[in-house]
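Enquirer: When the letters of the sequence shown are read in order and numbered with this note's numbering, they come out as residues 4 to 227.
Supplied in structure tokens, the structure appears directly below.
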Amino acid sequence: MVQIVPSILSADFSRLGEEIARVESTGINMLHVDVMDGHFVPNLTLGPPLVESIRKRSKLKFDCHLMVENPDLMAPLFLAAGANLVSVHAEVARNLDRTLHAIQDEGARAGVAINPATPIEMIENVLDFVDYVLVMSVNPGFGGQRFIARSLDKVRRLDRIRQQGNYGYRIEIDGGVSHANVAEIVRAGCDWLVAGSAVFHSEDAAAAVNEMQQIAAEATSIKV
Ligand code: DX5
Ligand code: ZN
Numbered sequence: 004m005v006q007i008v009p010s011i012l013s014a015d016f017s018r019l020g021e022e023i024a025r026v027e028s029t030g031i032n033m034l035h036v037d038v039m040d041g042h043f044v045p046n047l048t049l050g051p052p053l054v055e056s057i058r059k060r061s062k063l064k065f066d067c068h069l070m071v072e073n074p075d076l077m078a079p080l081f082l083a084a085g086a087n088l089v090s091v092h093a094e095v096a097r098n099l100d101r102t103l104h105a106i107q108d109e110g111a112r113a114g115v116a117i118n119p120a121t122p123i124e125m126i127e128n129v130l131d132f133v134d135y136v137l138v139m140s141v142n143p144g145f146g147g148q149r150f151i152a153r154s155l156d157k158v159r160r161l162d163r164i165r166q167q168g169n170y171g172y173r174i175e176i177d178g179g180v181s182h183a184n185v186a187e188i189v190r191a192g193c194d195w196l197v198a199g200s201a202v203f204h205s206e207d208a209a210a211a212v213n214e215m216q217q218i219a220a221e222a223t224s225i226k227v
């Protein structure tokens with residue numbers, strides 16, 4: 004089932020518990036948590052203590068997107084803090100196969116993220132066991148950026164590869180998702196659509212999620 008996954012990066016951090024509650028009522032089951040270390044990307048966001056505190060307040064599955072220089076150091080910390088899914092960037096994982104298996108060995112789902120300029124070829128040797136592929140549709144580091152349409156070609160290719168190889172990975176897209184492009188993204192074969200500013204910068208976050216979920220459901224029913 005196609006899911007909208009709100010990203011808390013665009014939420015009001017001064018009242019994060021309430022912000023998460025705003026979207027929990029919509030029936031979503033995943034929350035995207037953007038971790039930035041100021042090295043891999045020119046921004047710095049949050050650490051394990053924050054995940055630990057929101058873990059106590061939410062039953063949602065935390066999808067931690069590690070935009071960090073050292074995923075082998077950071078992944079265990081976020082798993083211990085309560086992450087249910089952890090994605091690491093192929094661009095910085097020195098031993099990607101080992102890093103992903105280490106996340107799975109902790110009972111979490113492991114994802115590999117690729118930036119707009121990174122080809123699918125870079126991750127083809129982990130597609131047979133990775134739980135999800137995070138296709139960046141913006142250059143990572145900030146919310147509110149413009150969607151890079153070329154990312155849909157990667158989604159379509161990943162959808163074909165998993166059908167041909169009978170792989171089980173989910174496809175997640177991240178960056179610039181809005182009401183305007185949800186249908187096209189779903190028709191390209193995407194399962195999880197991360198949305199930050201389209202949700203938390205809207206008047207009514209729950210309504211925004213529900214509207215995008217509705218568009219996604221309609222697009223799925225007419226998927227050719
Ligand atoms: C960007 C993050 C995205 C971002 C999405 O580096 O990985 O998750 O928060 O925000 P929007 O939906 O506003 O582009
Ligand atoms: Zn993200």
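Backbone N, C-alpha and C fix where the C-beta goes; we use that ideal spot for every residue, glycine too.
1. In chain order, what residues of the same chain have a beta carbon less than 8 Å from the beta carbon of G144, not counting five sequence neighbours either side?
2. Could you give the distance in angstroms between the alpha-carbon of S17 and the alpha-carbon of V26?
3. Pull the bridge partners of A113 from the DSSP assignment, please.
4. Report yes if the C-beta of P45 is less than 7 Å from at least one heavy atom of the ligand DX5; otherwise report no.
5. Using alpha carbons as the reference points, say which of V189, N128 and V8 lies closest to V158.
6. Whose C-alpha, out of P74, A198, A186 and I164, is nearest the C-alpha of E221?
7. What distance in whole Å lies between the Cβ atoms of G114 and D134, which are believed to be in contact at a cut-off of 8 Å?
8. By DSSP, does A14 sit in helix, in strand, or in coil?
9. State yes or no: is the C-beta of V54 within less than 8 Å of the C-beta of A24?
10. Could you tell me the alpha carbon to alpha carbon distance between L63 and C193, rounded to whole angstroms?
11. Along the chain, where does the beta strand (DSSP E) containing K64 start, and where does it finish?
12. In or out: A219 buried (at least 16 other Cβ within 10 Å) or exposed?
13. D75: which of L49, F65, Q107 and S61 sits nearest, CA to CA?
14. I'd like the ranges of any alpha helix (DSSP H) spanning at least 4 consecutive residues and lying wholly in the segment 136-210.
15. Please tell me whether D75 has its Cβ less than 8 Å away from any Cβ of chain B.
16. D162: which of F150, R149 and I176 sits nearest, CA to CA?
17. With C-beta atoms as the reference, is T29 less than 8 Å away from V180?
18. By the 10 Å Cβ neighbour count, where 16 or more other Cβ atoms means buried, how is E2 classified, buried or exposed?
Expert: Here's the rundown:
1. Within the same chain, Cβ atoms closer than 8 Å to the Cβ of G144 are found at M39, V44, P45, N46 and M70, the five residues on either side in sequence being excluded.
2. Taking the straight line from one Cα to the other gives about 16 Å.
3. BP columns for A113 point to V89.
4. No, the Cβ of P45 stays beyond 7 Å of every heavy atom of the ligand DX5.
5. Comparing Cα positions, the closest option is V189.
6. Ranking P74, A198, A186 and I164 by Cα distance to E221 puts A186 first.
7. Rounded, the Cβ-Cβ distance is 6 Å, consistent with contact.
8. Reduced to three states, the DSSP call for A14 is coil.
9. Result no, Cβ atoms of V54 and A24 do not sit closer than 8 Å.
10. Between L63 and C193, the C-alpha separation is close to 20 Å.
11. Per DSSP, the continuous beta strand (DSSP E) segment holding K64 begins and ends at K64 to M70.
12. Under this definition A219 is a buried residue.
13. Minimum Cα distance to D75 is reached at Q107.
14. With a minimum length of 4 residues, the unbroken runs of alpha helix (DSSP H) contained wholly in the segment 136-210 fall at 154-168, 185-190 and 200-203.
15. Protein chain content of the structure displayed is limited to a single chain, and chain B is not contained in it.
16. Proximity to D162 across F150, R149 and I176 peaks at I176, based on C-alpha coordinates.
17. Cβ atoms of T29 and V180: not closer than 8 Å.
18. Past the boundaries of the shown model lies residue 2; the chain is included only from 4 to 227, so the question cannot be answered.
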